[in-house]
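A.B. asks:
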Amino acid sequence: MLGRVLDLLAPALDRPEPVLVDANLGLGGHAEALLAAHPALHLVGIDRDPTAIERSTARLAPYADRITLVRAVSDELADVLADIGRPRIDGALFDLGVSSPQLDEAGRGFAYSYDAPLDMRMDPDQELTAEGVVNTYPVAELIRILRDYGEERFAPRVAHLIAKERAREAITSTKRLAEIVRTAIPAATRRTGGNPAKRTFQALRIEVNAELTALERALPAALDALTLGGRVVVLAYHSLEDRLTKQILAERTRDTSPPGLPVPLPAHQPRFALLTRGAELPSEEEVARNPRAASARCRAAERIREAVDES
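Using our numbering, read the sequence shown as starting at 178 and increasing by one per residue.
Structure follows, in structure tokens:
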């Protein structure tokens with residue numbers, strides 16, 4: 178949804194020396210397009226994956242004097258901005274989820290389509306891995322993760338079979354885990370809906386990288402940092418991310434005046450306005466070009482009132 182992202186952010190960046198935070202830099206595709214479209218833009222790119230920082234640095238080399246790339250988790254956004262002396266921003270982009278290189282590089286252990294170590298860390302220096310979760314978490318905790326993060330309706334069956342198998346031998350590879358999940362899912366269900374391991378792998382990835390926790394902190398921080406007229410755009414790729422985004426934006430865009438008042442109280446009027454009606458979906462043409470875009474959901478908001486006006 179690159180074109181839509183550019184359109185939504187353009188009004189906020191059409192000003193002298195605008196600053197935008199790309200909170201999930203990845204390969205730098207959105208960053209490159211934004212820098213090309215806005216010659217005065219300074220872009221702050223954040224990513225926890227050192228490979229992403231390395232590749233984006235090379236890709237964005239023509240714009241080296243207009244970028245600041247920082248290896249950090251997105252929920253450190255406020256600290257990153259403070260450290261570089263840019264506490265206010267004109268735009269923020271959240272392109273959530275796992276990046277294509279992380280999925281495509283077998284050794285990272287994100288994909289059930291490759292036989293690889295059960296890793297799934299976006300930050301290779303962190304301690305917790307998917308192998309650690311699978312082999313050490315209590316069954317009840319595994320059930321919670323699979324149900325809450327993977328929306329797996331057979332979470333108890335999967336968790337109990339994982340526990341049985343790990344007691345026999347530690348589960349260390351993506352292939353073995355995928356086979357265990359497949360065995361746990363009823364045969365009738367396995368015949369539809371794609372690979373039965375998809376939901377389990379999603380749940381483990383979210384747990385390992387604390388993705389929802391990071392978004393829950395990072396998106397409000399970005400909203401707080403926006404200047405008047407500044408905009409935020411969020412691309413989510415599964416219902417949990419999109420639901421959390423919707424909740425955060427809804428909280429910031431509602432009038433909190435007590436009911437029954439003849440006029441709204443200025444201090445309780447919303448500071449932000451939604452720019453999208455619900456979650457926007459990619460076009461059929463885009464999905465045809467890039468099947469991975471099929472699950473994308475886009476939401477955006479604009480700051481319409483400064484916080485100081487609420488006192």
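The C-beta atom is built at its ideal place from N, Cα and C for all residues, glycine as well.
Please state whether DSSP places residue 488 in a helix, a strand or coil.
C.D. replies: Counted from its first residue, the sequence shown places residue 488 at position 311. In this prediction, residue 488 scores a pLDDT of 41, lower than 50, which makes its location untrustworthy; no coordinate-derived value is stated.
A.B. asks: What's the gap between the Cα of residue 353 and the Cα of residue 226?
C.D. replies: By one-based count along the sequence shown, residue 353 stands at place 176. By one-based count along the sequence shown, residue 226 stands at place 49. About 26 Å.
A.B. asks: So, helix, strand or coil for residue 257, using DSSP?
C.D. replies: Position 80 of the sequence shown, counting from 1, holds the residue named residue 257. Three-state DSSP puts residue 257 in a helix.
A.B. asks: Report the three-state DSSP secondary structure of residue 181 (helix, strand or coil).
C.D. replies: Here residue 181 corresponds to residue number 4 of the sequence shown, with the count starting at 1. Looking at residue 181 - three-state DSSP - the assignment turns out to be helix.
A.B. asks: Does the segment 387-405 come close enough to the segment 338-345 that 3 or more CB-CB pairs lie under 8 Å?
C.D. replies: Result no; under three Cβ-Cβ pairs closer than 8 Å.
A.B. asks: Of the choices 251, 482, 233, whose alpha-carbon is the least far from that of residue 206?
C.D. replies: Within the sequence shown, the letter at position 29 stands for residue 206. Ranking the options by Cα distance to residue 206, first place goes to 233.
A.B. asks: In chain order, which beta strand (DSSP E) runs of at least 3 residues are fully inside the segment 192-240?
C.D. replies: Taking only runs of at least 3 residues, the beta strand (DSSP E) segments lying wholly in the segment 192-240 are 196-199, 219-224.
A.B. asks: Give me the Cα-Cα distance between residue 443 and residue 259, rounded to the nearest whole angstrom.
C.D. replies: In the sequence shown, the residue the question calls residue 443 occupies position 266. In the sequence shown, the residue the question calls residue 259 occupies position 82. The alpha-carbon atoms of residue 443 and residue 259 are separated by roughly 29 Å.
A.B. asks: Among 383, 373, 376, 478, which one has its Cα closest to the Cα of residue 423?
C.D. replies: Within the sequence shown, the letter at position 246 stands for residue 423. Considering only alpha carbons, the answer is 478.
A.B. asks: Compute the Euclidean distance between the alpha carbons of residue 472 and residue 457, then round it to the nearest angstrom.
C.D. replies: On the sequence shown, residue 472 is found 295 positions in, with the first residue counted as 1. On the sequence shown, residue 457 is found 280 positions in, with the first residue counted as 1. So the two alpha carbons sit approximately 11 Å from each other.
A.B. asks: The alpha helix (DSSP H) spanning residue 449 covers which residue range?
C.D. replies: Residue 449 sits at position 272 when you count from the first residue of the sequence shown. Looking at the DSSP string, residue 449 is not in any alpha helix (DSSP H); the run it does join, the beta strand (DSSP E), is 449-451.
A.B. asks: Given 8 Å as the limit, is there contact between the segment 293-308 and the segment 317-327, that is, 3 or more CB pairs closer than that?
C.D. replies: With the cut-off at 8 Å, the segment 293-308 and the segment 317-327 do not touch.
A.B. asks: For residue 294, which three-state DSSP category applies?
C.D. replies: Position 117 of the sequence shown, counting from 1, holds the residue named residue 294. Of the three classes helix, strand and coil, the one that applies to residue 294 here is strand, per DSSP.
A.B. asks: What is the rounded straight-line gap between the Cα of residue 460 and the Cα of residue 438?
C.D. replies: The sequence position of residue 460 within the sequence shown is 283, counting from 1. The sequence position of residue 438 within the sequence shown is 261, counting from 1. So the alpha carbons of these two residues sit roughly 43 Å apart.
A.B. asks: Taking the continuous alpha helix (DSSP H) assigned at residue 428, which residues delimit it?
C.D. replies: Here residue 428 refers to the residue found at position 251 when the sequence shown is read from its first residue. Where residue 428 is concerned, the enclosing alpha helix (DSSP H) stretches over 416-429.
A.B. asks: Measure the CB-CB distance between residue 508 and residue 204 and report whether it falls below 8 Å.
C.D. replies: An answer regarding residue 508 cannot be provided, because it is not within the stretch 178 to 488 covered by the chain.
A.B. asks: Please return the same chain residues whose Cβ sits closer than 7 Å to the Cβ of residue 265, not counting the five positions on each side in sequence.
C.D. replies: By 1-based counting over the sequence shown, the position of residue 265 is 88. Hits under 7 Å: 402, 404.
A.B. asks: Determine, using beta-carbon pairs with one atom in the segment 194-201 and one in the segment 214-230, whether at least three such pairs fall under 8 Å.
C.D. replies: Judged by Cβ distances under 8 Å, the segment 194-201 makes contact with the segment 214-230, as three or more pairs qualify.
A.B. asks: For the 8 Å Cβ check, are there 3 or more pairs between the segment 238-253 and the segment 379-395?
C.D. replies: Touching, yes.
A.B. asks: Taking 7 Å as the limit between beta carbons, can you name the residues of its chain near residue 413, skipping five residues before and five after?
C.D. replies: For this step, residue 413 is matched to residue 236 along the sequence shown. So the qualifying residues of the chain are 273, 419, 422, 474.
A.B. asks: I think residue 202 touches residue 210, with their Cβ atoms under 8 Å apart; what is that distance to the nearest whole Å?
C.D. replies: Within the sequence shown, numbered from 1, the residue matching residue 202 stands at position 25. Within the sequence shown, numbered from 1, the residue matching residue 210 stands at position 33. With a Cβ gap of about 13 Å, residue 202 and residue 210 do not count as contacting.
A.B. asks: The alpha helix (DSSP H) spanning residue 489 covers which residue range?
C.D. replies: The requested residue 489 is not part of the displayed model; the chain covers only 178 to 488.
A.B. asks: Measuring straight from C-alpha to C-alpha, what distance separates residue 245 and residue 230?
C.D. replies: Numbered from 1 along the sequence shown, position 68 holds the residue referred to as residue 245. Numbered from 1 along the sequence shown, position 53 holds the residue referred to as residue 230. About 10 Å.
A.B. asks: In this structure, does DSSP put residue 344 in helix, strand or coil?
C.D. replies: To locate residue 344, count along the sequence shown from 1; it is residue 167. It is helical.
A.B. asks: Which term fits residue 407, buried or exposed, when burial requires 16 or more other beta carbons within 10 angstroms of its beta carbon?
C.D. replies: Within the sequence shown, residue 407 is the residue found at index 230, counting from 1. Buried, because 16 or more other Cβ atoms sit within 10 Å of the Cβ of residue 407.
A.B. asks: Do residue 480 and residue 454 come within 8 Å of each other at the CB atom, strictly closer than that value?
C.D. replies: On the sequence shown, position 277 is the one that residue 454 refers to. On the sequence shown, position 303 is the one that residue 480 refers to. Cβ distance not < 8 Å, so residue 454 and residue 480 don't count as in contact.
A.B. asks: Which value, in whole angstroms, describes the spacing of the CA atoms of residue 239 and residue 380?
C.D. replies: On the sequence shown, residue 239 is found 62 positions in, with the first residue counted as 1. On the sequence shown, residue 380 is found 203 positions in, with the first residue counted as 1. About 38 Å.
A.B. asks: Helix, strand or coil for residue 350 per DSSP?
C.D. replies: Taking the sequence shown and counting its residues from 1, the one referred to as residue 350 is at position 173. Strand at residue 350.
A.B. asks: At which residue ranges does the segment 357-414 contain complete alpha helix (DSSP H) runs of 4 or more residues, listed in the order of the chain?
C.D. replies: As far as the segment 357-414 is concerned, its whole alpha helix (DSSP H) runs of at least 4 residues are 364-367, 375-386, 388-402.
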